[in-house]
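In what follows, a structure is listed as structure tokens, so that the remarks can point back to it.
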Amino acid sequence: MNEPLITARSLVKKFGDLVAVDEIDFDVEQGEAFGFLGPNGAGKTSSMRMIGCVSPTTSGRLEIFGLSPTADGRAIRARIGVVPQMDQLDNELTVLENLVIYARYFDIPRDVARARAAELLEFVQLTERKDDTVDPLSGGQKRRVSIARSLISEPELMLLDEPTTGLDPQARHVLWDRLYQLKERGATLVLTTHYMDEAEQLCDRLVVMNGGKIVAEGSPRNLITTYATREVLEMRFGRGHNEEHVSEVSQVGERVEILPDRLLVYAHDGEGALATLRERNIIPESALVRRSSLEDVFLRLTGRTLVD
Amino acid sequence: MFYRRIWKSNLVGAFFQPVLYLLGIGLGVGALVDQGPNSAAVLDGFSYFAFYSSALIATMAMFTASQEALWPTMDGFQWSHAYRAMTSTPIAPRDVATGLTIFYAAKTTVGAIGVAVVLAFFDETRSWGLIGAVPAGVLTGLAFAVPLAAWTSSRTTPDSFPPILRFIIIPMFLFGGAFYPIEQLPDWLEPVAWVTPLWHGVELARGSILQTLPEGRGLLHVGVLCAYIVLGWMACVVTFERRLNP
Amino acid sequence: MTAPAATERISIATRIIPAVLFDVRRPQRLVERSLVVTRRGWLMVVSGFFEPLFYLLSIRVGLSALVGDVAVGGDLVPYDEFVAPGLMAASAMNGAVFDSTMNVFHKWKQARLYDSLLATPMSAGDIAVGEVTWAVIRGLLYSTAFLATMLVLGMVGSLWMVLSIGACVLIGFAFAAVGMACTTFARSWADFDYLPAVTLPLFLFSATFYPPSSYGDWSWVVQLSPLYHGVALIRAANVGEFSASVIVNIAVLVGLALVGIAVTARRIEKLLLT
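In order, the protein sequence lines correspond to chains A, B and C.
Under the working numbering, the first residue of the first sequence carries the number 2, and numbering increases by one thereafter.
Under the working numbering, the first residue of the second sequence carries the number 2, and numbering increases by one thereafter.
Under the working numbering, the first residue of the third sequence carries the number 509, and numbering increases by one thereafter.
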């Protein structure tokens with residue numbers, strides 16, 4: 002077994018009295034896609050910033066490539082590619098210049114930088130926009146420039162902070178495809194997200210964070226089997242009437258979650274549960290059976306739905 | 002909170018700056034000039050302080066009004082779309098032009114009164130003519146702001162603004178008769194100064210404060226300034242129409 | 509984790525000089541970026557050369573005739589030749605202040621340039637030194653143009669005036685460093701409205717337009733203006749006579765520059781590396 006790429010033990014980050022990250026432990030192995038899943042304020046971004054060596058740790062141990070961020074920040078950053086939450090692209094430069102100048106911050110020779118930039122723009126399908134300034138690009142295009150930019154130093158580790166937040170579904174899928182390709186090439190990805198589908202799509206392993214703590218850890222599949230059932234039955238009885246039916250409904254599933262607008266019933270066989278209810282003359286206004294997802298895991302672990 | 006800060010910085014502009022210029026240039030350079038060999042003849046017997054300070058209302062108005070007609074006005078058209086929001090109500094582009102003119106007038110009035118109050122503290126410039134110099138300053142400001150607003154509304158980026166300051170406003174400031182009579186200029190340059198709005202504004206303000214201006218020439222200066230404003234306003238109506246109701 | 513003894517040693521050293529300044533490796537990369545950006549706006553840079561020309565010409569045709577000659581040291585010089593060094597120093601100051609305040613604030617808050625720089629192997633020290641260096645380079649360009657303009661207008665009094673470029677670099681360095689340090693404390697654009705409240709008095713009262721002796725008993729106040737020390741340097745170069753006070757002039761400017769850089773680097777680290 003190789004040494005893990007990132008090791009964190011009892012890692013803490015405080016801003017004054019506020020504890021953003023509260024004694025977390027995790028390892029990220031070479032070549033895996035590792036996710037931090039959680040709502041805003043859960044401590045995902047703070048964890049990412051500490052890994053990126055732009056935020057000093059308050060206490061605990063953190064090692065990246067076996068180096069300490071305090072002593073070797075510069076050396077670590079040289080081997081990391083960062084895609085920040087807000088695209089911090091250089092508005093005064095063109096798309097191509099953005100990549101080349103960024104490469105120069107890594108001391109990469111200019112001709113190497115140009116060659117890599119051309120290649121990467123091809124990879125993110127922006128070659129024809131290379132001489133445009135960044136401003137008129139769409140959100141998805143900007144994010145792709147950010148990804149290309151973070152790859153220009155051929156990083157051993159990529160940090161992506163909410164890579165698809167704020168993008169339309171189509172742009173998201175393009176992006177997922179590109180990230181998936183990177184993964185196939187063996188890149189190590191660490192990403193944060195509050196989208197369940199994204200975590201399911203991209204992550205080999207993830208930790209669920211809430212209130213600065215890690216509340217669960219495992220592969221997406223694993224988490225779903227541990228913390229949810231195979232299927233979920235969603236029913237609406239109309240506003241204000243959902244709670245009336247809780248006791249009857251809880252008899253057909255393993256667990257019931259009450260949301261303001263609907264009831265969720267966790268069951269191995271959703272259709273079967275619905276049929277049983279219908280036999281007992283309990284007819285919801287609408288009903289839907291779906292596979293359980295990380296959203297359900299999250300709900301189970303934190304008792305609330307994810308909000309942006 | 003926000004308004005208080007704006008108000009404070011306005012105060013800095015309205016009183017602090019003229020005081021500094023009066024002390025720095027008026028008194029300081031004045032002391033040198035008044036020792037000069039032929040200054041009394043060139044300045045018609047007035048001290049340099051009186052000569053320079055009396056033009057300050059016009060030059061300050063030019064600066065305030067021009068700046069207001071560039072970036073902040075572009076903000077209204079381009080960045081915050083405030084004017085377009087207005088014209089989706091029953092307000093016509095023509096009304097926006099008039100409204101802006103009134104706004105510039107208000108802004109320059111505050112500035113001009115500020116300078117006038119400061120000038121009233123000095124013996125050499127204390128006169129009833131200060132009251133006449135305030136509208137002179139406002140007219141000067143508008144003669145810049147209104148035509149510039151027409152230009153601003155036809156632009157989508159502020160790239161042209163620094164060159165406007167550098168090649169139009171600053172040269173007028175330097176060569177427009179504020180620091181010395183334009184008779185000092187080379188003969189070919191003097192007629193150029195005659196057509197600049199700043200020179201008319203300076204003459205009007207100075208003439209009013211030092212009470213040296215014959216009525217006829219005063220009317221001429223007012224007429225020229227008004228012509229700039231009216232032509233600018235007409236240009237605004239056209240460009241605003243094009244911009245807001247394409 | 510660092511051993512406690514080492515931490516202590518570092519903290520004593522950083523009480524005097526911030527640690528970030530020991531960590532400057534490649535500020536030139538940021539300068540490179542500025543060059544690429546400016547290449548597109550070269551017209552703007554060229555047009556900047558006209559401003560000194562206008563000022564100098566205006567003073568020559570107008571005020572010079574009114575004022576006559578002014579005494580500098582033991583010599584009498586025409587007024588335009590007297591003012592030109594003052595304006596040269598002032599323009600070095602204004603350029604540096606603009607670059608290091610409004611421009612830097614934009615890059616910091618709006619464009620978030622420094623956030624993305626800190627994610628690379630660049631350090632806070634690199635940024636502070638890089639930005640100030642760029643302000644100095646631009647100042648160098650402008651002061652060279654200024655000197656050329658003076659030469660064309662016949663206002664250069666001595667060969668020593670070549671040294672004025674060095675003086676302008678020093679002025680630019682000092683004001684850019686202090687300007688950038690102040691910028692790190694700015695909360696919003698509105699704070700920059702106060703900028704003229706500082707630069708305008710410096711411009712007017714640094715013996716720019718008349719000798720300090722004009723202030724009579726108050727002439728010592730002028731010594732407090734950092735710009736005055738720049739003006740004095742260039743004026744001395746233009747008549748080609750240097751006295752011991754030149755050392756004081758240089759020391760003041762260098763001191764300001766060092767303090768400014770130190771504060772800037774520390775603030776960047778504090779504000780962005782949280």
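Just so you know, even glycine gets a beta-carbon here, dropped at the ideal spot from N, CA and C.
Tell me where the beta strand (DSSP E) around A:Y267 begins and ends.
Here the beta strand (DSSP E) through A:Y267 covers 264-268.
I'd like to know whether the C-beta of B:Y181 is nearer than 8 angstroms to at least one C-beta of chain C.
Using beta-carbon distances, B:Y181 counts as an interface residue toward chain C, with a partner under 8 angstroms.
Counting C-beta neighbours from all protein chains within 10 Å, is the total for C:T782 16 or more, i.e. buried, or is it exposed?
It counts as exposed.
So the candidates are A:E120, A:W177, A:R115, A:D132; which of them puts its Cα closest to the Cα of A:G141?
It is A:W177 whose Cα lies nearest to the Cα of A:G141.
Give the single residue among C:V762, C:Y718, C:L779 whose Cα lies nearest to the Cα of C:D577.
For C:D577, the closest alpha carbon among the candidates C:V762, C:Y718, C:L779 is that of C:Y718.
Taking a cut of 8 angstroms between CB atoms, which residues from the region 698-732 of chain C lie near chain A?
From the region 698-732 of chain C, no residue has a Cβ closer than 8 angstroms to chain A.
With 16 as the cutoff for other CB atoms within 10 Å, does A:F35 come out buried or exposed?
Looking at its Cβ environment, which holds 16 or more other Cβ atoms inside 10 Å, A:F35 is buried.
Quick one: what's A:A217 bridged to in DSSP?
According to DSSP, A:A217 shares a beta bridge with A:V209.
Please return the same chain residues whose Cβ sits closer than 6 angstroms to the Cβ of C:R775, not counting the five positions on each side in sequence.
Contacts found: T692.
Suppose the cutoff is 8 angstroms on Cβ atoms and the five residues either side in sequence are ignored; what does the same chain contact list for A:T95 look like?
So the list reads K131, D132, D133, T134, V135, once near-sequence residues are dropped.
Answer with yes or no whether the minimum CB distance from C:M824 to chain A is below 8 angstroms.
This structure cannot settle anything about residue 824 of chain C, because the visible part of chain C is limited to 509 through 782.
Please identify the residue among B:S154, B:F16, B:V225 whose C-alpha is closest to the C-alpha of B:E69.
Ranking B:S154, B:F16, B:V225 by Cα distance to B:E69 puts B:S154 first.
Kindly list, in the order they appear in chain C, the residues whose Cβ is closer than 7 angstroms to that of A:N313.
Lying before the first or after the last residue shown, residue 313 of chain A is absent from chain A, which here runs from 2 to 309.
Drop a sphere of 10 angstroms on the beta-carbon of A:R105, count the other beta-carbons inside from all chains shown, and report buried for 16 or more, exposed for fewer.
The residue is buried, with at least 16 neighbouring Cβ atoms inside 10 Å.
Check each candidate in B:V111, B:L120, B:G178, B:P94 and name the one with the smallest Cα separation from B:L24.
Among B:V111, B:L120, B:G178, B:P94, the Cα nearest to that of B:L24 belongs to B:L120.
Could you tell me whether any Cβ in chain C is nearer than 8 angstroms to the Cβ of A:E24?
Judged by the 8 angstroms Cβ criterion, A:E24 is not in contact with chain C.
Note down, in chain order, every chain C residue with its Cβ under 7 angstroms from the Cβ of A:A316.
What the structure shows of chain A is the stretch from 2 to 309, and residue 316 of chain A is not part of that stretch, so it cannot be assessed.
Out of A:T277, A:G219, A:V13, state which residue places its alpha-carbon closest to the alpha-carbon of A:S56.
Nearest C-alpha to A:S56: A:V13.
May I have the straight-line CA-CA distance separating A:F37 from A:R145, to the nearest angstrom?
As the crow flies, the alpha-carbon of A:F37 is around 21 angstroms from that of A:R145.
Chain C contact for A:S56 (CB, 8 angstroms cutoff)
With a threshold of 8 angstroms between beta carbons, A:S56 makes contact with chain C.
Three-state class that DSSP yields for B:E216 in the structure shown:
B:E216: helix per DSSP, three-state reduction.
Decide if the region 181-194 of chain A is in contact with the region 149-159 of chain A; the criterion is three or more beta carbon pairs, one per stretch, under 8 angstroms apart.
The region 181-194 of chain A vs the region 149-159 of chain A: in contact.
Considering only the beta carbon of each residue, do B:A146 and B:S67 sit closer than 8 angstroms?
Going by C-beta atoms, B:A146 is nearer than 8 angstroms to B:S67.
Enclosing beta strand (DSSP E) for A:I236 [first to last residue]:
Sequence check: residue 236 of chain A is Met here, not Ile. Element bounds for A:M236: 232-237.
Excluding sequence positions up to five away, which residues of its chain have a Cβ less than 7 angstroms from the Cβ of B:E125?
Cβ within range, chain order: S48, F50, A51.
For A:K14, report the span of its beta strand (DSSP E) as first-last.
Counted as a single uninterrupted DSSP element, the beta strand (DSSP E) harbouring A:K14 occupies residues 7-16.
Assigned exposure category for B:A228 - 16 Cβ within 10 Å defines buried:
Classified as exposed, B:A228 has fewer than 16 neighbouring CB atoms from the shown chains inside 10 Å of its CB.
For chain C, find out if any of its Cβ atoms is closer than 8 angstroms to the Cβ of A:I102; answer yes or no.
Interface residue, yes.
Does any C-beta atom of chain C lie closer than 8 angstroms to the C-beta of B:V116?
No, no contact with chain C.
Under 8 angstroms, Cβ to Cβ, is there at least one residue of chain C near B:S209?
Contacts with chain C at 8 angstroms (Cβ-Cβ) do not include B:S209.
Any beta carbon of chain B sitting closer than 8 angstroms to that of C:G662?
So, not an interface residue.
Nearest candidate by alpha-carbon position, reference B:M173, set B:I210, B:M61, B:T157
Cα-wise, what sits closest to B:M173 is B:M61.
For A:E258, name the three-state secondary structure that DSSP assigns.
A:E258: strand per DSSP, three-state reduction.
In the region 30-46 of chain B, which residues sit with their C-beta less than 8 angstroms from some C-beta in chain C, listed in chain order?
Cβ contacts with chain C come from V30, A32, L33, V34, Q36, G37, P38, N39, S40, V43, L44.
For C:V747, the nearest candidate out of C:W642, C:T772, C:A698, C:E589 (CA to CA)
Checked all of C:W642, C:T772, C:A698, C:E589; the closest Cα to C:V747 is C:E589.
Specify, as a first and last residue, the run of the beta strand (DSSP E) that A:D28 falls within.
Where A:D28 is concerned, the enclosing beta strand (DSSP E) stretches over 19-29.
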